[in-house]
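In my numbering, the protein residues as written are 284 to 631.
Just so you know, even glycine gets a beta-carbon here, dropped at the ideal spot from N, CA and C.
On a predicted model such as this, the values are computed, not experimentally measured, just so you know.
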């Protein structure tokens, strides 16, 4: 009796090659395509919106104080509401993006942001305005938590520092242009128009994301949602990488959660806590100065428009600083450059 052996079909060479090709590695080592720079440009626009949205309250502080009769303490609380929402949004959206996808969460965050801005323009009291500023902050935090990763992921190793610096500079550009716009909008249409314009710009940003921003490659490979392979191949074509790339094996549940808890393992704990503390202190000083400068200049005797211009000068310095840092890190050690910038910031 002739033995029966199962027939096996060897994997075609071209298929095996496709399964072994790593799109993430190709992005790291290949030249930046026009589409990748377009992604950086869209992300920079989104960060500019964040700069506009965060400082909208600072630019309108004088008018809001006059309309609602706020004390200094009440204004301080109102200025803080957006930052509180922003912190919560960053903490919540980051883990959710790892689970549901960065593109979906980015669109959701932009929608929440637009809603918060639109409702801020209709606020009838300081309490109501504060509530809508929390909603706006939730959206801003979500945007920052997703876009920063997308910029880094779609930039190659050589230009990643410059791409992130351009993206970071967008914040100052948005705040600067927002301040310039506020000097014209507030006298003509009142402080509410500043928030209404921000809402319209954010709706436009949603359309940009739908048209140009793809899903995260890491998410497609680790979670492998429906049509993940087709989406990965589409991304490869858009960034100028012909052929097919393998998804690899989906990440296990334990591996997915290792990123956040792993930061607090013994070998990383000290560095992680120091980085968190340093970032907190830098951001505390940054938002304190940016939020209060226009109002403090008005209290020192300047007009509302002059106070806004003072805030604009501060954000312009941040824009040039971001671009200068990106240029210097192409030749100097990024860590030492950061130390120099931090010392100069403290001295000035």
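Same chain, Cβ closer than 7 Å to residue i, five either side skipped, listed in chain order
i	result
residue 409	351, 353, 357 and 361
residue 400	336, 419, 478, 481, 482 and 485
Own chain, CB closer than 6 Å to residue i, minus 5 neighbours either side, in chain order
i	result
residue 464	none
residue 364	413, 416 and 417
residue 574	341 and 362
residue 440	311
residue 305	none
residue 519	306 and 528
residue 494	none
Buried versus exposed, by CB contacts within 10 Å (16 or more), residue i
i	result
residue 480	buried
residue 427	buried
residue 299	Low per-residue confidence applies at residue 299: pLDDT is 41, beneath 50, and the placement is therefore not dependable, though the value from the model is reported in the following sentence. Counting Cβ neighbours within 10 Å, residue 299 comes out exposed, since fewer than 16 surround it.
residue 630	exposed
residue 565	exposed
residue 438	buried
residue 551	exposed
residue 583	exposed
residue 308	exposed
residue 587	buried
residue 563	exposed
residue 559	exposed
residue 625	exposed
residue 567	exposed
Limits of the unbroken alpha helix (DSSP H) element including residue i
i	result
residue 321	317-342
residue 624	617-630
residue 613	Per DSSP, residue 613 belongs to no alpha helix (DSSP H) and is neither H nor E.
residue 431	409-436
residue 465	443-472
residue 313	Note, residue 313: premise wrong, no alpha helix (DSSP H); not H, not E.
residue 440	Here residue 440 belongs to no alpha helix (DSSP H), and DSSP marks it neither H nor E.
residue 516	511-521
residue 496	Where residue 496 is concerned, there is no enclosing alpha helix (DSSP H), given that its DSSP letter is neither H nor E.
residue 399	385-403
residue 560	549-582
Span separating the alpha-carbon of residue i from that of residue j
i	j	result
residue 390	residue 380	11 Å
residue 477	residue 526	47 Å
residue 578	residue 598	15 Å
residue 538	residue 504	In this prediction, residue 538 has a pLDDT of 48, which is less than 50 and means its spatial position is unreliable; what the coordinates show is noted afterwards. Near 13 Å, if we compare the C-alpha coordinates of residue 504 and residue 538.
residue 569	residue 513	43 Å
residue 424	residue 435	17 Å
residue 628	residue 507	44 Å
residue 517	residue 499	12 Å
residue 589	residue 319	39 Å
residue 596	residue 392	29 Å
residue 402	residue 501	35 Å
residue 547	residue 555	7 Å
residue 407	residue 475	11 Å
residue 292	residue 510	Here the model assigns residue 292 a pLDDT of 41, short of 50, so the residue's position is not dependable and the matter cannot be decided.
residue 405	residue 473	12 Å
residue 315	residue 522	8 Å
residue 378	residue 471	43 Å
Sequence-distant residues of its chain with Cβ nearer than 8 Å to residue i (five each side left out)
i	result
residue 641	Residue coverage of the chain in this structure runs from 284 to 631, which leaves residue 641 outside it and unanswerable.
residue 593	576, 577, 580 and 585
Three or more C-beta pairs under 8 Å: does that hold for the segment 372-384 against the segment 320-334?
Contact between the segment 372-384 and the segment 320-334 is absent, because fewer than three Cβ pairs lie under 8 Å.
Would you say the segment 396-403 touches the segment 436-446, given that touching needs at least three Cβ pairs under 8 Å?
By the C-beta criterion, the segment 396-403 is judged not to be in contact with the segment 436-446, since fewer than 3 inter-stretch pairs fall below 8 Å.
Taking contact to mean at least 3 C-beta pairs separated by less than 8 Å, is the segment 611-631 in contact with the segment 450-470?
The segment 611-631 and the segment 450-470 do not touch, with fewer than 3 CB-CB distances between them shorter than 8 Å.
Cβ contact (3+ pairs, closer than 8 Å) linking the segment 455-462 and the segment 598-608
Counting Cβ pairs under 8 Å, three or more are found: they touch.
Taking contact to mean 3 or more Cβ pairs, one atom from each stretch, closer than 8 Å, check whether the segment 482-489 and the segment 366-377 are in contact.
No, the segment 482-489 is not in contact with the segment 366-377.
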